[in-house]
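Read the structure below first, then the notes.
In my numbering, the protein residues as written are 1 to 407.
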């Protein structure tokens with residue numbers, strides 16, 4: 001009897017071992033497929049999972065962290081997920097967003113891959129409802145000259161400069177416009193430093209430098225996706241039934257009252273309470289000054305005209321028109337910290353003045369558009385809408401024309 005029992009336990013242990021081994025191998029094969037094969041990612045789809053989305057849109061790069069995936073495309077709709085939310089019902093029009101990428105992983109455009117005017121930046125420069133709606137395309141129409149678009153989402157100042165050195169300077173441009181988004185470009189430098197230390201960039205597992213860390217993030221993303229669509233979804237239903245649900249969307253809402261145009265909007269970024277002087281003493285801003293100094297030095301060494309374009313946050317533009325009483329907790333907490341929106345602009349002005357770099361801010365033109373009742377940002381996203389891209393291009397066009405004449 002004892003021998004039979006021992007044999008039974010051994011069979012159970014063997015079964016558990018083989019099952020665990022098979023499961024581990026299966027998980028490893030799935031991860032290796034997602035991590036290394038675009039075809040595998042296309043087969044399984046599920047772009048709602050961050051790791052799969054990022055590894056589909058980008059390819060890892062040893063210096064830039066990642067580059068755009070050549071010939072990638074996306075067809076989606078901005079605002080669709082909020083159309084049935086009570087706050088936005090009948091107050092939002094979903095916007096079709098179709099983007100195609102060229103052989104170098106940047107947005108398709110009517111300009112050559114490499115022209116005499118280059119624009120480098122993040123998702124503000126990449127973005128456009130269609131390939132003809134990007135900032136670079138609007139700028140091309142304003143100045144009547146080809147404009148090469150080197151914008152890529154999630155990039156920051158470190159990647160801007162590396163892009164200039166590796167992919168723009170070899171083609172001898174006459175003018176390089178470096179865009180600076182006050183909302184997160186300073187933080188981008190800190191995340192780049194974290195990545196250099198063998199960490200990751202913005203907690204995106206795709207950017208981790210070791211396969212083990214990437215695997216941990218991949219399955220962590222899957223766990224969170226399943227949890228949010230099962231357990232969390234059930235908890236939300238129970239909380240609503242009990243009348244105790246705190247709507248996360250409602251917490252982020254701001255009610256904007258432009259002249260003759262009121263609408264709900266969403267915000268997601270915090271703002272500084274420090275002064276420009278204090279910001280300039282932080283490691284992120286010290287690094288930004290070093291990078292812009294190198295940008296200036298490169299312009300002299302390679303004979304091109306440099307210009308920095310400052311991009312404001314939507315709250316920097318809409319602040320005078322936001323109703324405190326009608327907005328969510330997020331905005332109310334920000335307002336308790338005091339006036340905050342000019343600090344980053346003033347810090348950037350100080351740096352560019354010290355370095356004698358051309359700086360153009362589109363803030364005034366966006367504020368003028370707001371005073372005329374014109375929204376310039378998507379309602380449920382931090383980026384420019386089509387009108388914002390056009391206004392940005394019109395704002396800087398005279399400066400670009402002057403620089404091209406000078407060159």
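Virtual Cβ for every residue (Gly too), placed ideally from N, Cα, C.
On the three-state DSSP scale, how would you describe residue i?
i	result
residue 103	coil
residue 366	helix
residue 190	helix
residue 244	coil
residue 284	helix
residue 85	coil
residue 376	coil
residue 384	strand
residue 156	coil
residue 33	helix
residue 196	helix
residue 113	coil
residue 357	coil
residue 26	helix
residue 53	helix
residue 322	strand
residue 202	coil
residue 92	coil
residue 108	coil
residue 3	helix
residue 408	The question about residue 408 has no answer, for the chain in this structure spans 1 to 407.
residue 214	helix
residue 133	coil
residue 327	coil
residue 209	coil
Find the nearest neighbour of residue i within the set the options, judged by alpha-carbon distance.
i	options	result
residue 344	289, 118 and 113	289
residue 354	336, 366, 404 and 286	286
residue 196	210, 120 and 106	210
residue 52	15, 228, 215 and 70	215
residue 315	356, 265 and 281	265
residue 80	93, 70 and 69	93
residue 252	171, 104 and 327	327
residue 105	153, 276 and 342	153
residue 305	137, 268, 173 and 212	173
residue 73	322, 108 and 379	108
residue 90	404, 263 and 199	263
residue 292	404, 185 and 245	185
residue 402	96, 54 and 117	117
residue 87	49, 247, 171 and 13	247
residue 395	361, 381, 356 and 313	361
residue 163	198, 200, 231 and 62	62
residue 110	141, 329 and 95	141
residue 85	250, 146 and 235	250
residue 381	29, 22, 329 and 78	78
residue 303	25, 17 and 171	171
residue 313	20, 268 and 222	268
residue 385	130, 14, 121 and 22	130
residue 342	319, 239 and 329	319
Would you list the one or two residues that DSSP bridges to residue i?
i	result
residue 181	311
residue 253	266
residue 118	148 and 176
residue 98	75
residue 306	176
residue 58	68
residue 258	261
residue 223	Its beta-bridge partners do not exist; DSSP assigns none.
Do residue i and residue j have their C-beta atoms closer together than 9 angstroms?
i	j	result
residue 387	residue 376	yes
residue 10	residue 159	no
residue 144	residue 134	no
residue 258	residue 374	yes
residue 410	residue 156	Past the boundaries of the shown model lies residue 410; the chain is included only from 1 to 407, so the question cannot be answered.
residue 58	residue 47	no
residue 98	residue 69	no
residue 417	residue 298	No information on residue 417 is available, as it lies outside the stretch 1 to 407 that the chain covers here.
residue 323	residue 255	yes
residue 274	residue 350	no
residue 102	residue 71	yes
residue 132	residue 383	no
residue 220	residue 205	yes
residue 363	residue 399	no
residue 379	residue 167	no
residue 201	residue 213	no
Please check the pair residue i and residue j, which I expect to be a contact at CB under 8 angstroms, by giving their CB distance rounded to whole angstroms.
i	j	result
residue 139	residue 369	With a Cβ gap of about 17 angstroms, residue 139 and residue 369 do not count as contacting.
residue 161	residue 307	That belief does not hold up - the Cβ atoms of residue 161 and residue 307 are roughly 15 angstroms apart, past 8 angstroms.
residue 310	residue 334	Going by Cβ atoms, the distance from residue 310 to residue 334 rounds to 20 angstroms, so no, they are not a contact pair.
residue 125	residue 149	6 angstroms
residue 151	residue 175	Rounded, the Cβ-Cβ distance is 16 angstroms, inconsistent with contact.
residue 29	residue 222	About 15 angstroms; that fails the 8 angstroms criterion.
Quick check: is the beta carbon of residue i nearer than 9 angstroms to any beta carbon in chain D?
i	result
residue 47	Chain labels in this structure do not include chain D; a single protein chain is all it has.
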